[in-house]
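Heads up: the sequence lines are chains A and B, in that order. If you count the first sequence from 1, position 104 lands on 95 in the working numbering, and the numbers rise without skipping. If you count the second sequence from 1, position 143 lands on 134 in the working numbering, and the numbers rise without skipping. We put the CB at the ideal spot given by N, CA and C, even for glycine. To start, the structure under review is shown below, and the notes come after it.
Protein chains: 2
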Amino acid sequence: MRDRKTNSKFAYEDFIVGEKIPLGPYEVSREEIIEFAEEFDPQPFHLSEEEGRDTLAGGLIASGWHSCSILMRMMCDAYLNNSLSQGAPGIDEVKWLKPIRPGDVLKGNSTVTAKRISRSRPELGIFEIRHELINQHDEIVLTIVNSGMMGLRNPATKAEAE
Amino acid sequence: MRDRKTNSKFAYEDFIVGEKIPLGPYEVSREEIIEFAEEFDPQPFHLSEEEGRDTLAGGLIASGWHSCSILMRMMCDAYLNNSLSQGAPGIDEVKWLKPIRPGDVLKGNSTVTAKRISRSRPELGIFEIRHELINQHDEIVLTIVNSGMMGLRNPATKAEAE
């Protein structure tokens, strides 16, 4: 990320295509896995080791949507919550590559793979962005690809347009 | 869905390609929008009406991941929690088409668009499935497309293989 003036938020201009923005670490507790599952995804393999043992999961694993939500929190903490983000229209791909289990410590990165200024809204930039989470065994557990919208710091100049 | 013996769980054989399985209704409260956002997605437009007013959201809207998690809960309640589901490897597409706001009442459906028995694991079926959520104004707010894995009731016969 570029150097910024003190107290200014990350804007479209600050994100460099190809740069990996670090995320985490984030430790996943048994309690939060079960709490999320009880509210949103009460399948056996998200509720207890015992119930998960006879399934493909082989024990207690985090809901896939919990995994996505944890990544979201890591993005917010790393850069999004201190930015001119305007949300996202959707997700192009989610891959739950390995189970996330109690005690796993996740880190990862977000990488803007392309960026452009909106033609219809020249104060708004559009990213293509890829995210990756890795566990403590250096296994990739989750990848997400999506578009995102980010405000420009200086819409008039279009200095950073591609 | 096919008629089943009492107490038997929904299995691969019960899902009919093209049949819409109803979901909901589910009323989304202001409290749960904010609670989810505080834990996983603390962006201004997910935390309060005031903070959201000056953004594209135009007020308080549910986190996109919260929307996905609500759909998951509706799927669990409608059929997944009483089935031989073995989870999903990922998501092919998420579209957040309209914001979900406090008080919205969601309903929807899941439709299996294709199904086949796994070659490597003949006790397991693989679905292509599409989900849709609609609000009280009959606007489509969310669509998701993914693959899912579902156990067969009678793996030996392969009676329902396509």
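Does DSSP put residue i in a helix, a strand or coil?
i	result
D129 of chain B	coil
R92 of chain B	coil
R110 of chain B	coil
D162 of chain A	Residue 162 of chain A falls outside the range modelled here, since chain A spans only -8 to 153, and no answer is possible.
L14 of chain A	strand
D68 of chain A	helix
E151 of chain A	At E151 of chain A the pLDDT is 47, less than 50, meaning the model places this residue with poor confidence and gives no usable figure here.
R44 of chain A	coil
L62 of chain A	helix
L75 of chain B	coil
A105 of chain B	strand
I117 of chain A	strand
G55 of chain A	helix
L38 of chain B	helix
Ordered along the chain, which non-local residues of its own chain (more than five positions away) have a Cβ less than 6 angstroms from that of residue i?
i	result
D83 of chain B	V136 and N137
G55 of chain A	W87
P13 of chain A	N100
E18 of chain A	V96
Which residues in chain B sit within 7 angstroms of residue i, going by Cβ to Cβ distance?
i	result
P33 of chain A	C67 and N72
E42 of chain A	The contacting residues do not exist; E42 of chain A stays about 12 angstroms from chain B at best.
Quick one: residues in its chain with C-beta nearer than 8 angstroms to the C-beta of residue i, no 5 flanking neighbours on either side, listed in chain order?
i	result
I125 of chain B	L97, K98, G99, I131 and V132
G94 of chain B	E18, V19, S20 and R21
Closer than 9 angstroms by beta-carbon distance: list the chain B residues that pair up with residue i, in chain order.
i	result
S60 of chain A	F27, E30, F31, D32, S54, W56, H57, C59 and S60
R64 of chain A	E30, F31, D32 and P33
Is residue i buried or exposed, if buried means 16 or more other CB atoms sit within 10 Å of its CB?
i	result
A204 of chain B	Given that chain B is displayed from residue -8 to residue 153, the structure contains no residue 204 of chain B and the question cannot be resolved.
R110 of chain A	exposed
G43 of chain A	buried
Q34 of chain A	buried
A48 of chain B	buried
R64 of chain A	buried
E4 of chain B	buried
S(-1) of chain A	exposed
Residues of chain A with CB under 9 angstroms from residue i, in chain order?
i	result
M141 of chain B	Here the premise fails: no neighbours, minimum Cβ distance about 11 angstroms.
P93 of chain B	What P93 of chain B touches in chain A: nothing, since even the nearest Cβ is about 17 angstroms away.
For residue i, collect the residues of the same chain with a Cβ closer than 7 angstroms to its Cβ; drop the 5 residues on either side in sequence, then sort them by chain order.
i	result
V31 of chain B	Residue identity check: residue 31 of chain B is Phe in the sequence provided, not Val. Correct list, in chain order: S54 and W56.
P90 of chain B	A48 and I52
Chain E partners of residue i, CB-CB under 8 angstroms?
i	result
A79 of chain B	Of the chains in the structure shown, none is chain E; the protein chains are A and B.
What residues from chain B crowd round residue i, counting only those whose CB sits closer than 8 angstroms?
i	result
F36 of chain A	G78
E18 of chain A	Result: empty, since nearest Cβ-Cβ is about 15 angstroms, beyond 8 angstroms.
List, in order along the chain, the chain A residues whose C-beta lies closer than 7 angstroms to that of residue i?
i	result
A2 of chain B	Simply none; closest approach about 14 angstroms.
Legend entry - Within 7 angstroms of chain B by C-beta, residues of the region 116 to 139 of chain A in sequence order: So nothing in the stretch comes that close.
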